[in-house]
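Quick note, the sequences are listed as chains A and B, same order. Going by the numbering used here, the final residue of the first sequence carries number 322, and the count climbs one at a time with no gaps. Going by the numbering used here, the final residue of the second sequence carries number 447, and the count climbs one at a time with no gaps. Where is the CB? At the ideal position from N, CA and C, for every residue including glycine.
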Amino acid sequence: MADTPASTSSGDFPPFRQRHLISIADLKQHEIIDLLDRAERMVPVSRQERKSLPTLSGKTQINLFFEPSTRTQSSFEIAGKRLGALVVNMSVKTSSVSKGETLVDTAATLNAMRPDVLVVRHGAAGAVELLSQKVGCSVINAGDGAHEHPTQALLDALTIRRHKGRISGLTVAICGDIANSRVARSNLLLLGALHVRTRVIAPRNLLPPGIEHLATEVFTDMEEGLKGVDVVMMLRLQHERASGKMIPSVREYYRFYGLDAEKLAFANPDAIVMHPGPMNRGVEIDPAIADGSRSVITDQVEMGVAVRMAVLDALLSGDQA
Amino acid sequence: MTKPLLIENARIVDPASGTDQRGTVLIENGRIADLALDGPVGVPDGAEVINANGLVLAPGLIDMRVFTGEPGWEYRETLASAGEAAAAGGVTSFVMMPDTMPAVDDGAVVDFLVRRAKATSKVNVLPAAGITKGLAGKDLTEFGLMREAGAVCLSDGRNSIQSTALLRTAMSYAANFDMTIVHHTVDTSLAGEGVMNDGLFATVLGLKGIAREAETIPLSRDLQLAALTGVRYHAAQISTQRSVELIREAKRWVVRDKLASETDPGTRITAGISINNLCLNENDIGRYRTYFKLGTPLRSEDDRRAVIEGLRLGVIDTIHSDHDPQDSEVKRQPFAEASTGAIGLETLLAAALRLVHSDEVPLLTVLKAMTSRPAEILGLEAGRIAKGAPADLILVDLDYPWQVSENELRSRSRNTSFENARLAGKVMRTIVGGETVFLHKD
């Protein structure tokens with residue numbers, strides 16, 4: 002793929018019609034593809050020596066993180082800064098939420114500072130949507146409970162498309178703690194919209210009710226499920242919380258659901274391995290696989306910046322007034 | 006002494022007697038002094054005469070499950086504001102749940118409520134007394150003393166007693182005083198952090214689900230204990246198809262043991278349902294609408310169909326509003342963090358009439374579940390139109406169209422689960438003890 006430096010960004014694209022990015026479910030197929038195409042154009046920007054575009058100059062972006070997240074927050078921060086926005090980080094410990102202020106109060110307070118975009122992560126499903134109803138600027142969901150994490154699904158799709166040259170027609174397996182994963186939900190919605198065959202693979206107790214309506218196929222056996230897949234997406238297991246409660250032990254989990262060479266051998270020979278991070282090596286994935294030649298995990302991180310630049314640009318440069 | 010009141014040309018609908026025909030009612034001294042279905046009644050001198058013009062005259066509604074904020078959270082609801090809402094909704098008596106601050110777990114609090122309600126509320130307030138101190142599910146309260154103070158039944162309100170042994174003791178002791186146990190069945194460990202019905206819809210929203218079994222497992226336990234102890238047991242609010250089956254089976258035991266008959270179901274085992282579970286389902290939550298986050302979660306459409314059928318067949322005895330005022334501070338929150346509950350006193354009748362207008366349940370059956378059945382369960386004189394009964398009556402235009410607007414409701418809280426709903430049926434006049442406490446103004 003030719004990575005020619007981009008001189009302009011949004012200029013070549015029609016205005017993006019959404020004000021917020023809360024859920025993949027809100028996007029039409031052409032909007033998903035539009036965002037991926039925009040992100041593709043952002044990739045070379047980060048590879049240039051002068052990694053900046055002036056498109057968001059004069060705009061204010063607030064990253065409001067009620068849950069700590071080093072990588073997602075830095076990714077959004079770098080994305081905003083590379084587009085010339087003024088980026089302010091607010092994390093929960095320095096906010097007044099811990100003093101009993103409600104989410105809606107916080108929204109009103111921040112709104113009065115007239116930001117152009119709020120990037121919000123919150124532990125409760127629906128919290129970002131609620132906040133978006135109370136502010137006058139664009140809102141990007143950086144993860145809300147077990148609901149959605151739309152930019153993760155977009156960056157995963159971009160990574161797949163760059164490695165496979167296409168998305169539709171592929172078979173993608175998502176493995177692990179589906180029940181508690183917003184990444185799984187956003188990916189299932191996005192991949193479903195792009196006509197990908199999706200499989201979820203997990204022990205029954207980590208599969209949420211009704212999952213058969215969201216994924217093309219459901220497996221509880223990893224080797225069965227990985228047969229013939231083009232992409233293996235591993236999910237993080239919150240093993241500190243899960244051990245003894247949702248699963249008996251990490252070693253049993255790893256034995257049956259951890260991705261090692263033996264299990265990966267069931268996938269297509271050119272299958273790629275993905276993980277949204279942060280990884281638990283030796284819990285859901287063998288370190289040798291995580292760092293091996295089939296792993297595209299660091300590419301995902303790079304695509305994360307490109308996708309977030311594209312989303313910020315699409316939401317803020319359209320005619321929203 | 007107020008002057009006698011004559012209501013003529015009314016369509017008298019009295020579920021207790023199965024009456025549905027034109028007639029005249031005379032009210033004197035707070036009671037129904039005379040009732041004529043065919044001929045005229047003698048009109049005393051100075052009586053006020055109301056021509057009902059064919060409107061339905063029914064017993065005032067008795068709502069089995071209402072939360073207020075008094076004492077403790079008066080900004081949410083007082084007995085006075087709940088009374089206003091009740092009067093406007095045709096509810097002439099309501100059972101007040103003990104979930105107040107302090108909780109209704111002591112004779113003195115019951116006594117306070119009875120007096121306070123008499124002084125401030127337009128309708129009859131019937132206190133339910135806590136089964137356990139602080140509704141904490143640990144130590145029994147003084148059932149007998151609270152009954153003497155005016156408690157009409159025993160309930161831990163929103164809370165559900167987890168200890169089977171304690172519940173057995175409570176039921177035995179309640180049977181001793183012939184008091185009805187009204188219990189909301191939730192297995193709290195199984196419900197866990199769930200906030201809505203378990204299923205695809207919860208999965209899509211990323212919310213934790215509450216399995217139906219969190220209701221049915223303790224319900225099954227309760228029904229077996231009720232048979233064991235001989236207590237009068239009322240399942241406070243059920244929501245699932247399986248619960249209907251469990252209640253139906255338990256009612257068969259009662260008949261088998263000759264404590265009831267096929268024609269007279271008695272009051273040993275009864276069940277109630279919230280109007281919300283009859284009219285709404287989990288899809289109404291939409292995108293995290295917290296007014297639809299309820300103490301008993303909205304279930305699937307299949308469950309809703311099953312509970313309607315249960316009501317039609319008389320397996321479910323009573324319909325209540327589950328009126329639960331919550332302020333915006335605790336409702337304008339992310340779904341999982343928001344309080345449960347919705348107000349409903351003012352919309353109860355019109356929402357229930359939806360089932361009548363859609364031909365799912367006959368009018369007499371729907372009204373019975375809000376009048377004579379609650380009266381039988383609670384041992385009240387009200388809930389019927391008969392000579393000598395208290396003159397708690399409503400005049401209803403069954404087809405009056407209106408749209409619910411939270412700003413026009415009389416409750417102090419705004420959390421209605423029927424916001425913007427188009428309803429047919431409205432109370433035109435509410436009479437409590439012979440006094441008109443609400444008159445509809447166009």
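Taking A/Val120 as the centre and dropping the five residues before and after it, the same chain places the C-beta of Asn64, Phe77, Ile141 and Ala143 closer than 6 Å to its C-beta, in chain order. For B/Glu342, the nearest CB of chain A lies under 8 Å from its own CB, placing it at the interface with that chain.
In the structure shown, the three-state DSSP call for B/Ile222 is helix.
Between the segment 324 to 331 of chain B and the segment 346 to 361 of chain B there are three or more C-beta pairs closer than 8 Å, enough to call the two in contact. Nearest CB-CB separation between B/Gln338 and chain A: below the 8 Å threshold. The segment 249 to 294 of chain A is shown to contain whole beta strand (DSSP E) runs of 3 or more residues at 273 to 275, in chain order.
Within a 10 Å sphere around the beta-carbon of B/Asn288 sit fewer than 16 other beta-carbons, which makes this residue exposed. By a beta-carbon distance limit of 8 Å, B/Val54 does not contact B/Ala133. Their separation comes to about 39 Å. In the three-state scheme derived from DSSP, where H, G and I count as helix and E and B as strand, B/Gln229 is classed as helix. With a threshold of 8 Å between beta carbons, A/Thr299 makes no contact with chain B. Across the segment 39 to 68 of chain A, no CB contact with chain B closer than 8 Å is found for any residue. Proximity to B/Asp68 across B/Ala380, B/Val115 and B/Ile215 peaks at B/Ala380, based on C-alpha coordinates. Scanning chain A for C-beta atoms nearer than 7 Å to the C-beta of B/Leu195 yields nothing, as the closest lies near 14 Å away.
Between A/Arg83 and A/Val46, the C-beta spacing is below 8 Å. Annotation: A/Gln30 is outside any beta strand (DSSP E); the continuous alpha helix (DSSP H) that includes it extends over Gln30 to Arg48. The beta carbon of A/Gly278 sits closer than 8 Å to those of Arg72, Arg237, Ile298, Gln301 and Val302, all from its chain and outside the five residues before and after it, given in chain order. A check of alpha carbon separations from B/Ser86 across B/Met102, B/Ser126, B/Val48 and B/Gly47 identifies B/Ser126 as the nearest. Neighbours of B/Gly346 in chain A, taken as residues at a C-beta separation under 8 Å, are lacking, since the least C-beta distance is about 18 Å. Between the alpha carbons of B/Asp404 and B/Gly430 lies a gap of roughly 5 Å. Among the residues of chain B, those whose CB is under 9 Å from the CB of A/His123 are Pro339, following chain order. The beta carbons of A/Gly229 and A/Phe220 sit no closer together than 8 Å. Chain A has no Cβ within less than 8 Å of the Cβ of B/Gly112. Proximity of A/Val105 to chain B, defined by a Cβ-Cβ separation below 8 Å, is satisfied. Residue-level contact check: A/Leu131 touches chain B, since one or more beta carbons of chain B fall below 8 Å from its beta carbon.
Taking a Cβ-Cβ threshold of 8 Å, none of the residues of chain A is close to B/Asp332; the smallest such distance is about 11 Å. If the five residues before and after A/His196 are omitted, its C-beta is found closer than 6 Å to the C-beta atoms of Ser169, all from its own chain and listed in chain order.
Within its own chain, the residues whose Cβ lies closer than 8 Å to the Cβ of B/Ile313, once the five positions on either side in sequence are excluded, are Leu283, Leu360, Glu365 and Val366, listed in chain order. The C-alpha of A/Ala128 lies about 22 Å from the C-alpha of A/Leu317.
With contacts defined as CB atoms closer than 8 Å, B/Ser160 and B/Ala387 fail to qualify as a contacting pair. Distance check between B/Lys263 and each of B/Gly235, B/Gly65 and B/Arg81 places B/Gly235 closest, using alpha-carbon atoms only. Nearest Cα to A/His21 within the set A/Ser75, A/Met280, A/Lys135 and A/Asp106: A/Lys135. Distance from the Cα of A/Pro116 is smallest, within the candidate group A/Gly124, A/Gly245 and A/Met91, for A/Met91.
The segment 43 to 61 of chain B and the segment 293 to 304 of chain B do not touch, with fewer than three beta-carbon pairs separated by less than 8 Å.
DSSP places B/Lys263 in the coil class of the three-state scheme, outside both helix and strand. According to the DSSP secondary-structure assignment, B/Thr24 is paired through a beta bridge with B/Asp19. When C-beta atoms of the segment 6 to 13 of chain B are compared with those of the segment 308 to 316 of chain A, fewer than three pairs fall below 8 Å, so the two segments do not count as touching.
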